[in-house]
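What the sequence shown shows, in numbering that gives the first Met the number 0, is residues 0 to 347, in sequence order. For reference, the structure discussed in these notes is given below.
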Amino acid sequence: MTELNDSHARNPGSLPSERADCPAWDGPVPGKIRGALEHNVAMSGYTSWRAGGPADRLYKPADLDDLCAYLKTLPADEPVHFIGLGSNLLVRDGGLRGTVIFMHGALKEIRFEERRMQGRASGAESRFGVVYAEAGVASPKVARFAANNDLTGAEFLAGIPGTVGGALAMNAGCYGHETWSYVSQVLTVDHQGNTHKRSPREFQVAYRHVDTTGQRKEWFVAAWFLFPRGDGEAGRAEIKRLLERRIASQPLDLPNAGSVFRNPPGDYAARLIESCGMKGVRIGDAQVSEKHANFIVNLGQATATDIETLIEMVQEKVKAKGGVELIREVRIIGERVAPALPGTGTTP
Ligand SMILES: Cc1cc2nc3c(=O)[nH]c(=O)nc-3n(C[C@H](O)[C@H](O)[C@H](O)COP(=O)(O)OP(=O)(O)OC[C@H]3O[C@@H](n4cnc5c(N)ncnc54)[C@H](O)[C@@H]3O)c2cc1C
């Protein structure tokens, strides 16, 4: 792994990056890293809602070693945000301070591993297969890869348009399956660029929610999945069936971020939203989908502010009608834009 000079030494007075000071830290010495570093990058190009303000810096690593090398160059106080396909993410219009690590297609290795399952009963290794997938691999690719290797269980991932990293961070799931049910180990990286092998026991995993135990800040760079052996052809047929089911029920022709809210216990967020008469309600170009009430679609020029305001309106209406507090599934990050001064059309 390449060791780089600490860029802070080159720029000792640098502060945590703030809009006014940007760029306080301008990235590592050119030529020392192999990935692509860009500045002031519109996050609307990196999120499935096609909305959101600029990130100070966006780094697309060449591979895992390069990611670790890049992280080693960062000042300790540089904010870091990992993003997969941005399919569960709203970046506010004021944008993101610090560095976005864009993982999709960057850490892209996927392979079938023949190995013994530690701690499993004798014969278990013949009933399961291990798939190693890096965090930037698209989840649908894992579904197809597993089926093509006569493994079952991964079919549900076919319709989740994110990356392995995003699926791990969200415990993505559908149709009765969840990502972490199949995880045997993960590989994480910390802010200093050191990797760690971790077992599922080290995480608190819940419905669409994953917490690292303790205070450490780490991100997922790869996972080992354990899938039962089975009939690959049946798996491919199941993938086709699940995708057809989605096309019939979801507004896939417009930018969206999937289900905006978690389903409350024993109920469906979509049913509650529809019962408040919210289907089709718009703020700017953000609209509660006519096809699926738990989706908010971008009709063209929706800003992140439009989308967030509509999310809050839906929460208020549902709470007012039946007392249920809808909890967001989508993550919202970044800075708000200051409101325009009355009569000036400008921001303070
Ligand atoms: C049409 C549509 C259908 C969807 N259907 C489903 C569904 O059926 N089930 C479901 O669960 N979700 C669904 N989603 C939501 C979304 O696709 C999933 O949550 C997906 O797993 C997010 O992956 P991502 O790579 O896009 O993550 P992002 O949106 O990029 O990131 C989501 C969160 O994960 C974090 N993150 C991303 N990568 C990493 C990493 N490597 N390490 C640590 N943290 C990371 C981000 O910081 C962010 O907080 C749907 C979305 C769309 C647009």
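Every residue gets a Cβ at the ideal spot worked out from N, C-alpha and C, and that includes glycine.
Residue closest to residue i, alpha-carbon to alpha-carbon, out of the options
{"i": "Glu324", "options": "Pro263, Lys31 and Glu243", "result": "Pro263"}
{"i": "Tyr131", "options": "Gly175, Glu108, Val209 and Asp149", "result": "Glu108"}
{"i": "Tyr181", "options": "Asp189, Leu156 and Lys196", "result": "Leu156"}
{"i": "Gln184", "options": "Thr98, Gly34, Arg200 and Ala269", "result": "Arg200"}
{"i": "Val209", "options": "Leu57, Glu328 and Glu334", "result": "Glu328"}
{"i": "Ala105", "options": "Phe111, Cys67, Asp76 and Asp92", "result": "Cys67"}
{"i": "Lys290", "options": "Arg126, Ser248, Leu309 and Arg110", "result": "Ser248"}
{"i": "Ile100", "options": "Asp189, Pro338 and Phe127", "result": "Asp189"}
{"i": "Ser43", "options": "Val317, Ile306 and Phe260", "result": "Ile306"}
{"i": "Asp55", "options": "Val313, Asp92, Ala337 and Tyr206", "result": "Asp92"}
{"i": "Glu37", "options": "Pro53, Glu217, Pro74 and Arg270", "result": "Pro53"}
{"i": "Ile272", "options": "Ala256, Asn293, Asp266 and Pro254", "result": "Asn293"}
{"i": "Thr211", "options": "Met169, Asp252, Arg245 and Gln191", "result": "Met169"}
{"i": "Ile332", "options": "Thr304, Leu70, Gln300 and Pro338", "result": "Thr304"}
{"i": "Ala137", "options": "Phe111, Gly164, Phe127 and Thr302", "result": "Gly164"}
{"i": "Asn148", "options": "Pro338, Arg110 and Pro139", "result": "Arg110"}
{"i": "Gly283", "options": "Ile310, Val259, Pro74 and Arg330", "result": "Ile310"}
{"i": "Arg245", "options": "Ile159, Arg33, Arg96 and Ser47", "result": "Ile159"}
{"i": "Gly231", "options": "Arg33, Arg215 and Gly128", "result": "Gly128"}
{"i": "Gly85", "options": "Val40, Thr162 and Ala75", "result": "Thr162"}
{"i": "Asn297", "options": "Arg215, Gly257, Ala222 and Ser198", "result": "Gly257"}
{"i": "Arg197", "options": "Tyr174, Gly172, Trp223 and Tyr206", "result": "Trp223"}
{"i": "Ala35", "options": "Tyr45, Asp65, Ala50 and Ser47", "result": "Asp65"}
{"i": "Gly396", "options": "Pro338, Pro139, His195 and Gly192", "result": "The chain is shown from 0 up to 347; residue 396 falls before or after that span and cannot be answered."}
{"i": "Gly349", "options": "Ile32, Glu334 and Leu70", "result": "Only positions 0 to 347 of the chain appear in this structure, which leaves residue 349 out of reach."}
For residue j and residue i, believed in contact at Cβ under 8 Å, the rounded distance
{"i": "Ile82", "j": "Leu88", "result": "7 Å"}
{"i": "Phe226", "j": "Gly152", "result": "5 Å"}
{"i": "Thr178", "j": "Leu186", "result": "Thr178 to Leu186, Cβ: 15 Å. No contact."}
{"i": "Gly94", "j": "His80", "result": "11 Å between Cβ atoms; not a contact."}
{"i": "Glu133", "j": "Leu63", "result": "7 Å"}
{"i": "Ser288", "j": "Pro250", "result": "4 Å"}
DSSP-derived helix/strand/coil call for residue i
{"i": "Asp65", "result": "helix"}
{"i": "Tyr181", "result": "helix"}
{"i": "Ile32", "result": "coil"}
{"i": "Leu253", "result": "coil"}
{"i": "Pro22", "result": "Because Pro22 carries a pLDDT of 44, less than 50, the predicted location of this residue cannot be relied on, and the following value inherits that uncertainty. Coil, per DSSP."}
{"i": "Gln286", "result": "strand"}
{"i": "Glu217", "result": "strand"}
{"i": "Asp149", "result": "coil"}
{"i": "Gln203", "result": "strand"}
{"i": "Gly97", "result": "strand"}
{"i": "Ile331", "result": "strand"}
{"i": "Asp189", "result": "strand"}
{"i": "Ala120", "result": "Below a pLDDT of 50, predicted positions are generally treated as unreliable, and Ala120, at 47, falls in that range; the measurement from the model is reported next regardless. Reduced to three states, the DSSP call for Ala120 is coil."}
{"i": "Thr194", "result": "strand"}
{"i": "Glu133", "result": "strand"}
{"i": "Leu298", "result": "coil"}
{"i": "Glu113", "result": "coil"}
{"i": "Pro338", "result": "coil"}
{"i": "Thr46", "result": "coil"}
{"i": "Arg281", "result": "strand"}
{"i": "Asp305", "result": "helix"}
{"i": "Ile82", "result": "strand"}
{"i": "Ala8", "result": "In this predicted model, Ala8 has a pLDDT of only 30, less than 50, meaning its place in the structure is not dependable; the value taken from the coordinates is given anyway. DSSP places Ala8 in helix when its eight states are reduced to three."}
{"i": "Ala171", "result": "coil"}
{"i": "Pro139", "result": "helix"}
{"i": "Glu243", "result": "helix"}
{"i": "Arg235", "result": "helix"}
{"i": "Leu373", "result": "The structure shown has nothing for residue 373, since the chain only spans 0 to 347."}
beta-carbon residue i near ligand 1 non-hydrogen atom, thresh 7 Å
{"i": "Trp218", "result": "yes"}
{"i": "Leu63", "result": "no"}
{"i": "Thr194", "result": "no"}
{"i": "Ile159", "result": "yes"}
{"i": "Gln203", "result": "no"}
{"i": "Cys173", "result": "yes"}
{"i": "His80", "result": "yes"}
{"i": "Ser248", "result": "no"}
{"i": "Gly165", "result": "yes"}
{"i": "Thr98", "result": "no"}
{"i": "Leu88", "result": "yes"}
{"i": "Asn255", "result": "yes"}
{"i": "Arg207", "result": "yes"}
{"i": "Gly279", "result": "no"}
{"i": "Ser180", "result": "no"}
{"i": "Leu84", "result": "yes"}
{"i": "Ala134", "result": "yes"}
Any non-hydrogen atom of ligand 2 within 7 Å of residue i CB
{"i": "Met169", "result": "Among the ligands present in this structure, namely ligand 1, ligand 2 is not found."}
message: For the structure I just gave you, are there three or more beta carbon pairs, one from the stretch 226 to 244 and one from the stretch 278 to 294, closer than 8 Å?
response: no
Q) If you pair each beta-carbon of the stretch 59 to 73 with each one of the stretch 142 to 153, do three or more pairs fall below 8 Å? A) No contact exists between the stretch 59 to 73 and the stretch 142 to 153.
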